[in-house]
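These notes are about the structure you will find just below.
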Amino acid sequence: MLRASAAGEGAGVPSATLVGEGFMTLAAAASKGLGMPNLPVARVVGHPGVQSSEQLRRNVLDVTLQHVIDNLLKPPKSATTDSEPAARDIVVKGGFDEINDYFYRHELSDGLPIVPPTIAKVEEFLRYTDRDPEESLGSLLPDSRAATIWSIAVNGVMAGCRPEYVPVLVALIEAMADHSYGVEHSGNTPGGETLIVLNGPIIKQLGFNYTQGVMRDGFIANTSVGRFWRLYLRNVAGFLPHKNDKATFGNTWRVVVAENEDVVKKIGWTSSSADFGFYPDDSTVMISRHTGGNHISSVSGATAQDMMPYVCDAMVRQYSWQLMFSTGQGLDTLRPQILMSPLIAETIAASGWSKRDFQKQLWQHARVPAHQWERIQRDWTQKPLWDLKAAAAAGDIPKVYHESDDPNRLVPLVWRPEDYLVCVTGDLSRNSIYIFAHNGVLGFPTCKKINAPRDWDAKLASIKRLN
Amino acid sequence: MSTNDGYYEALWPRSPRQSKIKPLAKRLDTLNGKTIAQVWDQVFRGDEVFEFLEEGIKARYPDVKFVSWKEFGNTHGSDERAVVAALPEKFKERKVDAVISGMGC
Numbered sequence: 026m027l028r029a030s031a032a033g034e035g036a037g038v039p040s041a042t043l044v045g046e047g048f049m050t051l052a053a054a055a056s057k058g059l060g061m062p063n064l065p066v067a068r069v070v071g072h073p074g075v076q077s078s079e080q081l082r083r084n085v086l087d088v089t090l091q092h093v094i095d096n097l098l099k100p101p102k103s104a105t106t107d108s109e110p111a112a113r114d115i116v117v118k119g120g121f122d123e124i125n126d127y128f129y130r131h132e133l134s135d136g137l138p139i140v141p142p143t144i145a146k147v148e149e150f151l152r153y154t155d156r157d158p159e160e161s162l163g164s165l166l167p168d169s170r171a172a173t174i175w176s177i178a179v180n181g182v183m184a185g186c187r188p189e190y191v192p193v194l195v196a197l198i199e200a201m202a203d204h205s206y207g208v209e210h211s212g213n214t215p216g217g218e219t220l221i222v223l224n225g226p227i228i229k230q231l232g233f234n235y236t237q238g239v240m241r242d243g244f245i246a247n248t249s250v251g252r253f254w255r256l257y258l259r260n261v262a263g264f265l266p267h268k269n270d271k272a273t274f275g276n277t278w279r280v281v282v283a284e285n286e287d288v289v290k291k292i293g294w295t296s297s298s299a300d301f302g303f304y305p306d307d308s309t310v311m312i313s314r315h316t317g318g319n320h321i322s323s324v325s326g327a328t329a330q331d332m333m334p335y336v337c338d339a340m341v342r343q344y345s346w347q348l349m350f351s352t353g354q355g356l357d358t359l360r361p362q363i364l365m366s367p368l369i370a371e372t373i374a375a376s377g378w379s380k381r382d383f384q385k386q387l388w389q390h391a392r393v394p395a396h397q398w399e400r401i402q403r404d405w406t407q408k409p410l411w412d413l414k415a416a417a418a419a420g421d422i423p424k425v426y427h428e429s430d431d432p433n434r435l436v437p438l439v440w441r442p443e444d445y446l447v448c449v450t451g452d453l454s455r456n457s458i459y460i461f462a463h464n465g466v467l468g469f470p471t472c473k474k475i476n477a478p479r480d481w482d483a484k485l486a487s488i489k490r491l492n
Numbered sequence: 269m270s271t272n273d274g275y276y277e278a279l280w281p282r283s284p285r286q287s288k289i290k291p292l293a294k295r296l297d298t299l300n301g302k303t304i305a306q307v308w309d310q311v312f313r314g315d316e317v318f319e320f321l322e323e324g325i326k327a328r329y330p331d332v333k334f335v336s337w338k339e340f341g342n343t344h345g346s347d348e349r350a351v352v353a354a355l356p357e358k359f360k361e362r363k364v365d366a367v368i369s370g371m372g373c
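So the protein lines, in turn, are chains A and B.
FYI, the numbering for the first sequence is 26 to 492, going by our numbering.
FYI, the numbering for the second sequence is 269 to 373, going by our numbering.
In structure tokens:
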């Protein structure tokens, strides 16, 4: 809503933005990024979600109304900006503890010790990209800071990455800066966290874990690149808890998940990156944002058909309010992500099913009664707006959501089979899956190719380090 | 006391802000005779809040007019960027003098 107000102000139309009193700090921080730190806001008392109509009316008329009128009639405060260091400025000198104390006190770290980003370290990182350090991959909301190659190297050093990870880090920030992902929503109240899926030869070149414990910390590539993502969100995009990051509970950053392409190739399935149109020899990162997930243990059966009822039931149980990303607020942006252990993938493939067959079966059988679907959306929005029949008749959603008037008819979680994303990874000896609860348009799957620098093979060969 | 933790000169990890300070629009002298647009992200009962605000504003400025949020699309949906980008033109077409945008909760 601040962005809508800013659009009005820019067009000469004065604005008032309705902001809940618990969100005033966020509004002040976000306004800075819009270049309008004095953008006026009108206070909404408490949260409307827990007020009766009479309480809401009284709060609006007693408090919000005057704020709105003042916002539109009274000249706003003059705007000022804080002076900041330049990109290459040294901001602190001293020992390891002093550096870390400074970074923590200035909200530049996540609370864990950082590797001090010195010129020498950053330059070592920059050897692993052919791009100009000053090049910007985009401007990241809410802080509207430039996503420069230089800042990628600095934050990569801090996260404990190795220099040769830079091509992965650059591709990640290209994905972050892609509007289709929607990084500006990363501070929303559901507090979702990004999942990074890695594909291609770079998995083995850089030593990413793609087997047992793939989501567990303990592997420097998976762990440090995951940490880098969150540091970059904090330091460059500007998501600071209690400011621009308004996660009600939040999630800790996730380590990188790499696909087991040996198994994918063996069973003749497509890899995650191939599903996004990339070639098998391409190395890629894919990002998507999820509010949570669940390990579905012991998916059992000798055939795909045996396994599907359990899998479909588990899928349906991961989704509640997120159905709005299918037929409501975030129309057609729900993309459930599944991690599938190799044993499961091999058993399904042995039944003669391709990945597409699996997706079709999931789409066909992971379904919710229509009346329940509508009720969840109405409960979530507190509005009687959601009517699958009307939406299908208007052509806003596919006809599969209204094939009859039976309130018990079953409707799919997503519009089409390929909306289910599948990555084969994890323990080679266990039969489980993991299902993520996707955050829809607020973290839409976005895949980017990783571009290695010139002399990549020689550079890798020259690294004298024990992995 | 640690005496063996090295010496470092650490760089600033942020990068320059791309947004420069932009002026806000001139405020109105009154709401009487003016047209106010309502834009909504379609959550947190904004439709009810707009109704109450209309009631309160009309009580003080009887000649005010409103353009419903239904005219502008969802400012927080899957096409948010396009909806927001289209607002200035829609305001112009509807001769809008001021805008109320909600709900940030």
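Each residue gets a CB set at the ideal place from its N, CA and C atoms; glycine is no exception.
Exercise for review: Go through the segment 45-108 of chain A residue by residue and report every complete run of the alpha helix (DSSP H) that reaches 4 residues or more, in order.
Suggested key: 49-58, 78-84 and 90-98
Review point. How many Å lie between S454 (chain A) and P367 (chain A) at the Cα?
Key: 8 Å
Point to revise | Identity of the residue in A:M332, A:V85 and A:W388 nearest E371 (chain A) by Cα | key: A:M332
Review point. Roughly how many whole angstroms lie between the Cα atoms of P170 (chain A) and V261 (chain A)?
Key: Reading off the sequence, residue 170 (chain A) comes out as Arg, not Pro. About 6 Å.
Check your understanding: Looking only at DSSP bridge pairs, what is G372 (chain B) linked to?
Key -> A:V44
**Study point:** DSSP-derived helix/strand/coil call for F383 (chain A)
**Key:** Note: F383 (chain A) maps to helix in three-state DSSP.
Check your understanding: Which first and last residues belong to the alpha helix (DSSP H) in which R285 (chain B) is found?
Key -> Segment: none, R285 (chain B) is in no alpha helix (DSSP H) and carries neither H nor E.
Check your understanding: Under three-state DSSP, which class holds I363 (chain A)?
Key -> strand
Practice item. Note down, in chain order, every chain A residue with its Cβ under 7 Å from the Cβ of D273 (chain B). Key: Near D273 (chain B) (Cβ distances below 7 Å), the residues of chain A are G120, F121 and D122.
**Study point:** Reference V351 (chain B), options B:D315, B:D365 and B:Q310, closest by Cα
**Key:** B:Q310
Point to revise | Cβ neighbours of E189 (chain A) in the same chain (closer than 6 Å, five flanking residues each side left out) | key: Y153, listed in sequence order.
Review point. With 9 Å set as the bound, which would you pick, yes or no: does the beta-carbon of G324 (chain B) sit closer than that to a beta-carbon of chain D?
Key: Going by chain labels, chain D is absent from the structure shown, which instead holds the protein chains A and B.
Practice item. Could you tell me how far apart the beta carbons of L27 (chain A) and L59 (chain A) are, in whole angstroms, since I believe they sit closer than 8 Å? Key: 6 Å
Check your understanding: How many angstroms separate the CA atom of P215 (chain A) from the CA atom of H315 (chain A)?
Key -> 9 Å
**Study point:** Cβ-Cβ distance between T352 (chain A) and D421 (chain A) below 9 Å
**Key:** yes
Practice item. Would you mind telling me which residues of chain B sit closer than 9 Å to I94 (chain A), beta carbon to beta carbon, in chain order? Key: In chain order: L299, G324, I325, R328 and Y329.
Practice item. Please confirm whether A272 (chain A) and G212 (chain A) have their CB atoms less than 9 Å apart. Key: Result yes, Cβ atoms of A272 (chain A) and G212 (chain A) sit closer than 9 Å.
**Study point:** Residue-level contact to chain B via CB, M340 (chain A), 9 Å cutoff
**Key:** no
Practice item. Using a cut-off of 8 Å between C-beta atoms, extract the partners of D126 (chain A) located in chain B. Key: By Cβ distance, chain B contributes nothing, its closest Cβ being about 11 Å from D126 (chain A), past 8 Å.
Review point. Roughly how many angstroms separate the alpha carbons of I292 (chain A) and G45 (chain A), rounded to a whole number?
Key: 52 Å
Review point. For G232 (chain A) versus A246 (chain A), is the C-beta distance shorter than 9 Å?
Key: A246 (chain A) is positioned such that its CB atom lies closer than 9 Å to that of G232 (chain A).
Review point. Whose Cβ in chain B lies nearer than 7 Å to the Cβ of S30 (chain A)?
Key: V367 and S369
Practice item. Report, in whole angstroms, the separation of the C-beta atoms of I312 (chain A) and A200 (chain A), which I expect to be a contact under 8 Å. Key: 5 Å
Check your understanding: Roughly how far, in whole angstroms, is the beta-carbon of S30 (chain A) from the beta-carbon of S369 (chain B), given that I think they are within contact range, below 8 Å?
Key -> 5 Å
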